[in-house]
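Take a look at the structure below.
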Amino acid sequence: MLRVVLALAVLLAAVGCQAPSGAAQPKSPTPQMVALRQGDVAGMQRCAGSGDVVAVLADEKANNPAEYQINLTEWTQWKIRGATDAYVAIFGRTPADCASLSGSGTGTPPGELMVGLVVKFKDEAIAARSYRSESTLFGFGQKDITFIRLAGGQITTGPETGLGPDSSIGSGIVAGARYYFALWQNKSFESDLLAYNMASADADLAVKSMNQRIH
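In terms of this note's numbering, the sequence shown has 48 at position 48, counting the first letter as 1, and numbering is strictly consecutive.
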């Protein structure tokens with residue numbers, strides 16, 4: 001019995017010595033933890049259609065079959081290349097802004113709208129390759145920056161964005177509406193943000209808040 005007690009004491013002492021090291025290791029965030037949230041967009045409401053990739057695809061399958069097929073195909077390709085999870089967050093100034101993105105909506109919000117996509121990959125190297133591949137998911141991709149460039153808007157790329165070497169931010173006015181796009185890769189995440197008819201300073205703040213949640 002004494003030998004058993006002594007053995008347990010040694011084991012507990014060893015575990016106790018190791019505990020601080022294990023406790024010091026932060027858990028890797030999920031796409032939902034990084035994604036756009038209420039505090040990033042003051043005065044705006046979360047829209048239906050937000051959710052993880054499984055929920056978003058299920059909603060599209062029921063309400064927008066054509067869009068569902070496109071996004072399902074793209075997501076399948078992204079998973080083959082190493083994506084493991086994704087989250088879409090949508091915020092509108094009013095219910096009418098949110099409704100504009102529904103299957104029966106016009107696609108053009110009457111007011112302000114912000115949409116964010118966060119994708120997590122198996123590792124940082126895969127995320128970097130995906131960023132440079134110029135592929136699209138849920139309508140997001142490098143083509144958004146090209147759209148701003150062709151419209152004569154302002155483009156900032158690389159370290160000057162404050163988001164790292166693999167990043168681009170573009171803003172401009174098209175047909176009287178203000179567009180803002182941000183696309184960046186940080187660690188094992190690729191993130192995108194679209195702001196419609198919002199001040200660039202507010203969109204910048206939301207992007208920085210999202211990026212700070214990546215660790």
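Built from N, CA and C at the ideal position, the CB exists for glycine as well.
From a predicted model like this one, the values you see are computed outputs, not experimental measurements.
- Across the structure, Q77 and G152 are spaced so that their CA atoms are roughly 32 angstroms apart.
- C-alpha of A195 to C-alpha of G162: approximately 18 angstroms in a straight line.
- Annotation: N71 to E160 spans about 32 angstroms, alpha carbon to alpha carbon.
- By the CB criterion at 8 angstroms, P109 and N197 fall inside the cutoff.
- Boundaries cannot be given for E160, as no beta strand (DSSP E) includes it and DSSP labels it neither H nor E.
- The Cβ-Cβ distance between Q32 and C98 does not fall below 8 angstroms.
- Beta-bridge partners of E60 (DSSP): none assigned.
- Note that the C-beta distance between Y68 and E60 is below 8 angstroms.
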